[in-house]
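Here's what the structure looks like:
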């Protein structure tokens, strides 16, 4: 088998399960939006703003799980199972503290958090119950993300996919029962959707941890081995991971700024943006497997000291991401009008939503390329500080100022504001592409850690 064939076989093994899992979770969000969408504009906006707040903890945990994945992938390439368990334990400790505290804060004052995103009284009064119930699932979400990160990085990506499939089916059934009161269940509306989501998240967490221990997958160790973590690993992990967390924070603050910009342009504009979120998540989910596969495969090669092979993999992933995302972009642009017609909203909101989807499709190739380069390739070599600088520059020097000028000063329509904001992706692509070819990001973190441990001894 040629090197090219081996490459694509490995991509298929890792990317397809991750992609299917991401699509399934995006389908879960889309199902929520479509079912809640039958309740009208205010319900849709309430769920959209609640999802934005959930996104704050989701991206921070994603940054933490990325740090876990980076080390797990390189340890797996170096055949070091013990260290994989230790880095999982470290991720669980940090993740629990953050998710527990954030869950408590959101649960205690959900209306305050919603008011940060919108001044619409109908949204804050009707949407808070959805957010309050959903906040109880933050800790289970953290556990799912940490164990999924370990499984993907060690070549067991199919297990999170299976769990997500069961979770989505469960969520759809519970939504059908609890939102509309079918088959004798209570008709709870928006509250029913939140309860369905919470039950699904808890079940997902229990299922994936159960699978890890039932089938003795990586991470299936006792508490003693899980939480006794060498100090050199802690220092090294924090050194690599804190820029990732800062990057995710910068990203979520940027997305929060964008959400505030859109929501304060009016309820119709906010609704138009909100109905596109599930489709955007579906498209990104379709191609997220490439970023995960890039991080794992390049990280494995760096951990095994195969530097030239790692660079070759990186270049192939970028080319593959651009080609596939261009095809997907054409498809979703062609189907944009059909998509928005599924929502029970005003014709003006539908028209605006159609324009927004077309803009999203036009920039999808850049979004996907950046996801592969920053989230997969550069981070796999521990180049997280550069990624932080790149993301900060694009978001806060290009994206946010442009959005504020066009929306508040020049009073442009929301789809044009979104178009100009999306130019930040092109800027980010230029920085990332140049960094890949510089080779400065290519580090064997396993060897660096071993050297640190030897010096400590």
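Numbering (UniProt numbering), first residue to last: 1 to 457. For glycine and all other residues, C-beta sits at the position ideal for the given N, C-alpha and C. Computed from a prediction, not measured in an experiment: that's the story for all the values here.
| query | result |
| --- | --- |
| Per the contact definition of three or more C-beta pairs closer than 8 Å, is the stretch 149-160 in contact with the stretch 2-16? | yes |
| With distance defined between alpha-carbon atoms, name the residue in 369, 409, 396 and 423 nearest to residue 434. | 369 |
| Thinking C-alpha only, which one of 328, 117 and 349 is nearest residue 361? | 328 |
| State the Cα-Cα distance for the pair residue 300 and residue 106, rounded to the nearest angstrom. | 38 Å |
| Is the beta carbon of residue 159 sitting closer than 8 Å to the one on residue 194? | no |
| Would you be able to state if there are at least three C-beta pairs under 8 Å between the stretch 215-235 and the stretch 80-96? | yes |
| Within 8 Å (strictly less), CB to CB, does residue 105 reach chain B? | Here chain B cannot be found, since the structure has a single protein chain. |
| From residue 228 to residue 93, what distance separates their C-alpha atoms? | 11 Å |
| My parser needs the alpha helix (DSSP H) runs of 4 or more residues fully inside the stretch 373-413; what are they? | 384-393 and 400-404 |
| Can you list the alpha helix (DSSP H) stretches of 4 or more residues lying completely in the stretch 185-231, in chain order? | 190-214 and 223-227 |
| If I'm right that residue 436 touches residue 314 with Cβ under 8 Å, what's the distance once you round it to whole angstroms? | 6 Å |
| State the DSSP-derived secondary structure class of residue 313, mapped to helix, strand or coil. | helix |
| Which runs of the alpha helix (DSSP H), 4 residues or longer, sit entirely within the stretch 69-148? | 81-108, 110-115 and 121-135 |
| Suppose the cutoff is 6 Å on Cβ atoms and the five residues either side in sequence are ignored; what does the same chain contact list for residue 149 look like? | 65, 68 and 69 |
| Could you check the C-alpha separation between residue 421 and residue 79 for me, to the nearest Å? | 44 Å |
| Ignoring anything shorter than 3 residues or poking outside the stretch 264-340, list the beta strand (DSSP E) runs there in chain order. | none |
| Residue 171 by DSSP, collapsed to three states: which one? | helix |
| Using beta-carbon positions only, say whether residue 356 and residue 257 come within less than 8 Å of one another. | no |
| Nearer than 7 Å: is that true of the beta carbon of residue 151 relative to any heavy atom of the ligand SAH? | Of the ligands one can find in the structure shown there are none, so the ligand SAH has no counterpart to examine. |
| Under 8 Å between the Cβ atoms of residue 255 and residue 55? | yes |
| With respect to the alpha helix (DSSP H) encompassing residue 354, which residues constitute its N-terminal and C-terminal limits? | 347-362 |
| Taking the alpha-carbon positions, what's the residue 113 to residue 53 distance? | 7 Å |
| Does residue 175 pass the burial test, meaning 16 or more other C-beta atoms within 10 Å, or should it be called exposed? | buried |
| What's the gap between the Cα of residue 151 and the Cα of residue 371? | 20 Å |
| When DSSP labels each residue in this structure, what does residue 453 get in the three-state scheme? | Its pLDDT being 49, under 50, residue 453 is placed unreliably by the model, and nothing is read from it. |
| In whole angstroms, what is the alpha-carbon distance linking residue 244 and residue 236? | 13 Å |
| What is the rounded straight-line gap between the Cα of residue 432 and the Cα of residue 385? | 12 Å |
| Which of helix, strand or coil does DSSP assign to residue 422? | coil |
| Using 10 angstroms around the beta-carbon of residue 410, count the other beta-carbons present and answer buried if the total reaches 16, otherwise exposed. | exposed |
| I need the straight-line Cα distance from residue 443 to residue 250, nearest angstrom please. | 24 Å |
| Measure the Cβ-Cβ separation of residue 117 and residue 259 and say whether it is below 8 Å. | yes |
| Would you check if there are 3 or more beta carbon pairs closer than 8 Å linking the stretch 374-382 to the stretch 398-412? | no |
| By Cβ distance, which residues of its chain are closer than 7 Å to residue 129, with the 5 residues on each side in sequence left out? | 190, 191 and 194 |
| Residue 344 by DSSP, collapsed to three states: which one? | coil |
| Taking residue 405 as the reference, which of 265, 382, 391 and 358 has the closest Cα? | 265 |
| Compare the C-alpha of residue 302 against each of 74, 134 and 49 and name the closest. | 74 |
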